[in-house]
Amino acid sequence: MSTQTELEIVSPGAFASIQDAGRRGFRRIGVPWAGVLDRRLMRIANALAGQPEDAPVIECFDGGLHLVAHGGAVKLAVAGDAAVEVDGPDGRRQLAPWRSLTLAAGEALRIRKMGSGRIAMVAVSRLEVAPVMGSAATYVRAGLGGADGSGRALAAGMRLSLAEADAAGSDRVLAQPPAADARPIRLVPGPQADHFSAAALAALVGGDFRVTAEADRMGVRLEGAKLDHAGAADIVSDATVPGSVQVPGAGQPIVLLADAQTAGGYPKIATVITADLGRLAALRPGSTLHFAWVSADEGARIARAEEAETRALIAAIRPLPAEGIDLVALYTSNLVDGVVHALGAENRPLY
Numbered sequence: 003m004s005t006q007t008e009l010e011i012v013s014p015g016a017f018a019s020i021q022d023a024g025r026r027g028f029r030r031i032g033v034p035w036a037g038v039l040d041r042r043l044m045r046i047a048n049a050l051a052g053q054p055e056d057a058p059v060i061e062c063f064d065g066g067l068h069l070v071a072h073g074g075a076v077k078l079a080v081a082g083d084a085a086v087e088v089d090g091p092d093g094r095r096q097l098a099p100w101r102s103l104t105l106a107a108g109e110a111l112r113i114r115k116m117g118s119g120r121i122a123m124v125a126v127s128r129l130e131v132a133p134v135m136g137s138a139a140t141y142v143r144a145g146l147g148g149a150d151g152s153g154r155a156l157a158a159g160m161r162l163s164l165a166e167a168d169a170a171g172s173d174r175v176l177a178q179p180p181a182a183d184a185r186p187i188r189l190v191p192g193p194q195a196d197h198f199s200a201a202a203l204a205a206l207v208g209g210d211f212r213v214t215a216e217a218d219r220m221g222v223r224l225e226g227a228k229l230d231h232a233g234a235a236d237i238v239s240d241a242t243v244p245g246s247v248q249v250p251g252a253g254q255p256i257v258l259l260a261d262a263q264t265a266g267g268y269p270k271i272a273t274v275i276t277a278d279l280g281r282l283a284a285l286r287p288g289s290t291l292h293f294a295w296v297s298a299d300e301g302a303r304i305a306r307a308e309e310a311e312t313r314a315l316i317a318a319i320r321p322l323p324a325e326g327i328d329l330v331a332l333y334t335s336n337l338v339d340g341v342v343h344a345l346g347a348e349n350r351p352l353y
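If you count the sequence shown from 1, you need to add 2 to reach our numbering.
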């Protein structure tokens with residue numbers, strides 16, 4: 003009988019995959035970066051689990067992820083505004099996100115749903131995933147990376163192997179997680195901004211755009227004011243990057259994300275700054291967003307500030323209190339042993 007410690011994928015939910023910081027250095031030969039859509043979430047999840055910040059994690063969307071530990075204890079950590087449940091010998095209990103936890107063999111973790119945003123990261127301590135071209139990131143379209151190197155997304159019945167080591171150690175928590183950020187998504191002018199009329203450039207930041215159902219790890223198609231081209235709607239294909247805002251002939255923008263192709267023939271009116279790309283990727287279909295122009299220098303300043311904020315959040319991670327008080331469990335459990343009807347006949351005065 004095998005004693006290998008494993009984590010079974012009972013359900014991947016809407017979509018779940020192994021991701022890390024991405025496959026860098028190969029875009030010149032047509033290999034996208036892939037990697038997590040929100041690097042801050044990955045870094046926090048790994049820090050909560052006591053791992054290197056860029057270690058592979060499970061990235062999931064919109065709840066439904068269901069995991070079970072087999073063969074031994076498994077330490078996990080969840081980053082994101084997720085509703086987390088654990089099934090154990092004492093029944094099902096709710097836990098707050100932004101913390102680590104240790105599943106005993108046979109126990110299960112579920113991400114039931116998401117609050118704000120649609121992305122959560124689950125760090126798995128001691129997860130063994132062989133890198134492909136320097137990264138464990140799953141890139142489904144080309145069959146690269148992931149749990150077995152084939153580029154498959156996580157599916158029900160798959161088992162992830164964990165290295166043998168002591169899974170003990172205190173759990174950790176981020177007591178004050180980052181608040182939802184409703185500011186505009188910031189842009190710098192794109193390499194083909196001169197392919198658009200002045201009215202189109204003004205329209206890009208002049209009103210709201212809606213996230214359509216065509217939104218995945220490759221990109222997000224938006225609906226809003228039509229962005230008219232000043233000339234031809236096509237260009238000779240050239241390089242793209244995550245954050246590129248392409249505008250096809252119909253005049254509706256597409257924002258490229260981590261799995262985006264490395265070149266394209268649509269003019270790029272703008273580029274979303276790196277600091278805001280995770281926020282955009284986390285918007286659900288039907289959500290609205292507003293763009294704002296910034297200069298390249300301002301984009302660099304924002305990137306430095308965002309990095310400082312991330313480091314401050316990671317520095318604020320603390321061991322969970324020894325008594326193990328979980329506020330979500332405290333506020334959602336029935337702490338009263340029996341209920342008394344104050345107006346019941348049995349409690350009325352006898353005189």
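Think of the CB as a built atom: it goes at the ideal place given N, C-alpha and C, for glycine as much as any other residue.
Should T53 be labelled buried (16 or more other beta-carbon atoms within 10 Å of its own) or exposed?
Reading the sequence shown from its first residue, position 51 is the one you call residue 53. It should be noted that the sequence gives Gln, not Thr, for residue 53. Per the 10 Å Cβ criterion, buried.
Buried or exposed: where does E61 fall if 16 or more other Cβ atoms within 10 Å of its Cβ makes it buried?
Numbered from 1 along the sequence shown, position 59 holds the residue referred to as residue 61. With 16 or more other Cβ atoms within 10 Å, it is buried.
So G147 and A36 are in contact, right, with Cβ under 8 Å, and what is the actual spacing, rounded?
Looking up residue 147 in the sequence shown gives position 145. Looking up residue 36 in the sequence shown gives position 34. Rounded, the Cβ-Cβ distance is 7 Å, consistent with contact.
Reduced DSSP category for L39 - H, G, I as helix; E, B as strand; rest coil
The sequence position of residue 39 within the sequence shown is 37, counting from 1. Three-state result, L39: coil.
What residue range does the alpha helix (DSSP H) around E308 cover?
Along the sequence shown, read from residue 1 onward, the residue named residue 308 stands at position 306. Per DSSP, E308 belongs to the alpha helix (DSSP H) from 298 to 317.
For the stretch 57 to 71 against the stretch 90 to 102, do three or more pairs of beta-carbon atoms, one drawn from each stretch, fall closer than 8 Å, so that the two count as touching?
no
Check this for me: beta carbons of L162 and V126, under 8 Å apart or not?
Here residue 162 is taken as the residue at index 160 of the sequence shown, counted from 1. Here residue 126 is taken as the residue at index 124 of the sequence shown, counted from 1. Taking 8 Å as the Cβ cut-off, L162 and V126 qualify as a contacting pair.
When DSSP labels each residue in this structure, what does I46 get in the three-state scheme?
In the sequence shown, the residue the question calls residue 46 occupies position 44. Here I46 sits in helix by DSSP.
Report the rounded CA-to-CA distance for V175 versus R42, giving the unit in angstroms.
Residue 175 sits at position 173 when you count from the first residue of the sequence shown. Residue 42 sits at position 40 when you count from the first residue of the sequence shown. Approximately 16 Å between the Cα atoms of the pair.
Residue ranges of each beta strand (DSSP E) run of no fewer than 3 residues wholly in the stretch 112 to 184, ordered along the chain?
121 to 126, 161 to 163
S335 - DSSP class collapsed to helix/strand/coil
For the purposes of this step, residue 335 is taken as residue 333 along the sequence shown, with counting starting at 1. With a pLDDT of 48 at S335, under the threshold of 50, the modelled position of this residue cannot be trusted; read the value that follows with caution. Note: S335 maps to coil in three-state DSSP.
Distance, Cα to Cα, V124 vs V38?
By one-based count along the sequence shown, residue 124 stands at place 122. By one-based count along the sequence shown, residue 38 stands at place 36. Those two C-alpha atoms are separated by around 11 Å.
To the nearest angstrom, how far is the alpha carbon of L164 from that of A307?
Residue 164 sits at position 162 when you count from the first residue of the sequence shown. Residue 307 sits at position 305 when you count from the first residue of the sequence shown. Their backbone Cα atoms lie some 36 Å apart in a straight line.
Using DSSP with H/G/I as helix, E/B as strand and the rest coil, what is P351?
In the sequence shown, residue 351 corresponds to position 349, counting from 1. Below a pLDDT of 50, predicted positions are generally treated as unreliable, and P351, at 45, falls in that range; the measurement from the model is reported next regardless. Reduced to three states, the DSSP call for P351 is coil.
Quick check on this structure: which residue in G119, R223, L67 has the alpha carbon closest to the alpha carbon of A184?
For this step, residue 184 is matched to residue 182 along the sequence shown. It is G119.
Looking only at its chain, what residues have a beta carbon closer than 7 Å to the beta carbon of G209, apart from the 5 residues adjacent to it on each side?
Translated into the one-based positions of the sequence shown, residue 209 becomes position 207. Only G226, A227 meet the Cβ criterion.
Run the CB neighbour count on R143, radius 10 Å, all protein chains shown included, and call it buried at 16 or more, exposed below.
Taking the first residue of the sequence shown as position 1, residue 143 is located at position 141. With fewer than 16 other Cβ atoms within 10 Å, it is exposed.
Euclidean distance between Cα positions of A167 and L105
The residue given as residue 167 occupies position 165 in the sequence shown. The residue given as residue 105 occupies position 103 in the sequence shown. Going from the Cα of A167 to the Cα of L105 covers about 15 Å.
For a test of the three-state rule: what should DSSP assign to A294, helix, strand or coil?
Indexing the sequence shown from 1 puts residue 294 at position 292. It is a strand residue.
Quick check: the stretch 3 to 12 against the stretch 67 to 75, are at least 3 beta-carbon pairs closer than 8 Å?
yes
Measuring CA to CA, which of G153, A181, G145 is closest to W100?
Locating residue 100 in the sequence shown gives position 98, counting from the first residue. The shortest Cα separation from W100 among G153, A181, G145 belongs to A181.
On a Cα-Cα basis, can you pick out the residue from G280, A81, F198 that is closest to A252?
Numbered from 1 along the sequence shown, position 250 holds the residue referred to as residue 252. Comparing Cα-Cα distances from A252 to each of G280, A81, F198, the minimum goes to F198.
Could you tell me the alpha carbon to alpha carbon distance between G267 and S239, rounded to whole angstroms?
Counted from its first residue, the sequence shown places residue 267 at position 265. Counted from its first residue, the sequence shown places residue 239 at position 237. Computed Cα separation, rounded: 4 Å.
Return the CA-CA distance between S13 and L111, expressed in angstroms with no decimal places.
Counting from one through the sequence shown, the residue named residue 13 turns up at place 11. Counting from one through the sequence shown, the residue named residue 111 turns up at place 109. C-alpha separation (whole angstroms): 11 Å.
Below 7 Å CB to CB, which residues in the same chain sit around G153 once its five sequence neighbours on both sides are set aside?
Residue 153 sits at position 151 when you count from the first residue of the sequence shown. Once the five neighbours on either side are set aside, the close Cβ partners of G153 are T140, Y141, V142, A144, G145, L146, G147.
For a test of the three-state rule: what should DSSP assign to G266, helix, strand or coil?
For the purposes of this step, residue 266 is identified with residue 264 of the sequence shown, where counting begins at 1. G266: strand per DSSP, three-state reduction.
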